[in-house]
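Student: Residue numbers (UniProt numbering): 1 to 254.
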């Protein structure tokens, strides 16, 4: 699939340093708080979130008009949706206005897209027959437009799939996670398929569970290691006895 490059602009609407130790002159620890909104010509048209030290606190879902906390357990600490919605609606026109000005100023000269770095790994240690989560981590890409899909043994998978929002980075690039709930089986091979404007062709990252060693292999390894240890002990004891014998008989030729 071919893509046409479109401009994406990230607008920082608020940047505040929060000092943890009140108004003390000397502060050892500081948190970086950011309220971020970005807009672009491609979908998603605009997104808004708030972060502390590059970790998302919440995002605003403009379609459902609701605040989505990064950690569901923190829902009770969710900010008033009316205030977040108001800030989002006030800043989107500003962002779009800046976007249009940049497009005119650059006369169509667009920033080169940066392709994602993709990694696939399980959330927990793999046990056959035990439910787990497979994670596809897409990192350090720009613009925040990306397609991700899952495959099992070459067949597309949609059940048990969920995706995060785009998380911003200090270098104005983005990261994103895709999750697949699955039950590991020895014969299954999974792949995360990623498409992005910065890629000449899609990335396919494969993952398959490793077969655990058989009981006989484990037993053989233990016996071999035990035999080797006994052999080394025997060599050490023989060396000690030899040295003692030589000390008792100083006329022994070497």
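The beta carbon of each residue, even a glycine, is placed where N, CA and C say it ideally should be.
1) Considering residue 81, what are the terminal residues of the alpha helix (DSSP H) in which it resides?
2) Along the chain, where does the beta strand (DSSP E) containing residue 180 start, and where does it finish?
3) Evaluate contact between the stretch 165-184 and the stretch 89-101, counting only Cβ atoms and requiring at least three cross-stretch pairs below 8 Å.
4) Select from 114, 48, 204 the residue whose C-alpha is nearest the C-alpha of residue 153.
5) According to the neighbour-count rule (16 or more other Cβ atoms, all chains shown, within 10 Å of its Cβ), is residue 46 buried or exposed?
6) Tell whether a beta-carbon distance below 8 Å holds between residue 196 and residue 149.
7) Out of 176, 201, 206, point me to the one whose CA is closest to residue 190's CA.
8) How is residue 130 classed by DSSP in three states: helix, strand or coil?
9) Identify, in the order they occur along the chain, each residue of the same chain with its Cβ nearer than 6 Å to the Cβ of residue 181, setting aside the five sequence neighbours on each side.
10) In this structure, how does DSSP classify residue 171 when only helix, strand and coil are distinguished?
11) Does DSSP put residue 66 in a helix, in a strand, or in coil?
12) Considering only DSSP beta bridges, list what residue 188 is partnered with.
13) Could you check which residue in 188, 210, 84 has the C-alpha nearest to that of residue 155?
14) Start and end of the beta strand (DSSP E) containing residue 157?
15) To which residues of the same chain is residue 120 closer than 6 Å at the C-beta, ignoring the five residues directly before and after it?
16) Looking at the secondary structure, which residues open and close the beta strand (DSSP E) in which residue 211 lies?
17) Compare the Cα-Cα distances from residue 186 to each of 59, 129, 141 and report the closest residue.
18) Kindly list the residues whose CB is nearer than 8 Å to the CB of residue 217, restricted to its own chain and excluding five residues on each side of it in sequence; keep chain order.
19) Of the choices 32, 174, 85, whose alpha-carbon is the least far from that of residue 62?
20) Pull up the CB-CB distance for residue 184 and residue 126, whole angstroms please, since I reckon it's below 8 Å.
21) Determine the extent of the beta strand (DSSP E) in which residue 56 is found, giving its start and end residues.
22) Can you have a look at residue 32 and say buried or exposed, based on whether 16 or more other CB atoms are within 10 angstroms of its CB?
23) Where do the N-terminal and C-terminal ends of the beta strand (DSSP E) with residue 125 fall, by residue?
24) Quick check on residue 119: does DSSP put it in helix, strand or coil?
25) Out of 179, 211, 210, point me to the one whose CA is closest to residue 151's CA.
Tutor: Looking at the atomic coordinates:
1) Taking the first residue of the chain shown as 1, we reach residue 81 at position 81. From DSSP, the alpha helix (DSSP H) with residue 81 extends over 81-106.
2) Taking the chain shown and counting its residues from 1, the one referred to as residue 180 is at position 180. Where residue 180 is concerned, the enclosing beta strand (DSSP E) stretches over 174-182.
3) no
4) Along the chain shown, read from residue 1 onward, the residue named residue 153 stands at position 153. Comparing Cα-Cα distances from residue 153 to each of 114, 48, 204, the minimum goes to 204.
5) Start at 1 with the first residue of the chain shown, and residue 46 comes out as number 46. The residue is buried, with at least 16 neighbouring Cβ atoms inside 10 Å.
6) Here the question's residue 196 lines up with position 196 in the chain shown. Here the question's residue 149 lines up with position 149 in the chain shown. Result no, Cβ atoms of residue 196 and residue 149 do not sit closer than 8 Å.
7) Locating residue 190 in the chain shown gives position 190, counting from the first residue. Comparing Cα positions, the closest option is 206.
8) For the purposes of this step, residue 130 is identified with residue 130 of the chain shown, where counting begins at 1. It is coil, neither helix nor strand.
9) Working through the chain shown from its first residue, we reach residue 181 at position 181. So the list reads 133, 160, once near-sequence residues are dropped.
10) Here residue 171 refers to the residue found at position 171 of the chain shown. In the structure shown, residue 171 sits in coil (DSSP, three-state: anything other than H, G, I, E or B).
11) Residue numbering aside, residue 66 sits at position 66 when the chain shown is read from its first letter. Strand, per DSSP.
12) Taking the chain shown and counting its residues from 1, one reaches residue 188 at position 188. Answer is none; residue 188 lacks a bridge partner.
13) The residue you call residue 155 lines up with position 155 of the chain shown. That would be 188, whose Cα lies nearest to the Cα of residue 155.
14) For the purposes of this step, residue 157 is taken as residue 157 along the chain shown, with counting starting at 1. First-last of the beta strand (DSSP E) with residue 157: 155-157.
15) The count along the chain shown starts at 1 and reaches residue 120 at position 120. These residues qualify, in order along the chain: 136, 192, 205, 207.
16) Within the chain shown, numbered from 1, the residue matching residue 211 stands at position 211. Per DSSP, residue 211 belongs to no beta strand (DSSP E) and is neither H nor E.
17) Here residue 186 corresponds to residue number 186 of the chain shown, with the count starting at 1. Out of 59, 129, 141, 129 has the C-alpha closest to the C-alpha of residue 186.
18) Within the chain shown, residue 217 is the residue found at index 217, counting from 1. Below a pLDDT of 50, predicted positions are generally treated as unreliable, and residue 217, at 48, falls in that range; no measurement from the model is reported.
19) Within the chain shown, the letter at position 62 stands for residue 62. Per the Cα distances, 85.
20) Position 184 of the chain shown, counted from the first residue, corresponds to residue 184. Position 126 of the chain shown, counted from the first residue, corresponds to residue 126. At roughly 5 Å, the Cβ-Cβ gap stays under 8 Å, so residue 184 and residue 126 are in contact.
21) If you number the chain shown from 1, residue 56 lands on position 56. Residues 55-61.
22) Position 32 of the chain shown holds residue 32. By the neighbour-count rule (16 or more Cβ atoms within 10 Å), residue 32 is not buried but exposed.
23) Sequence index remark: in the chain shown, residue 125 carries index 125 (1-based). Neither: residue 125 is in no beta strand (DSSP E) and is coded neither H nor E.
24) For the purposes of this step, residue 119 is identified with residue 119 of the chain shown, where counting begins at 1. Strand at residue 119.
25) By one-based count along the chain shown, residue 151 stands at place 151. The shortest Cα separation from residue 151 among 179, 211, 210 belongs to 179.
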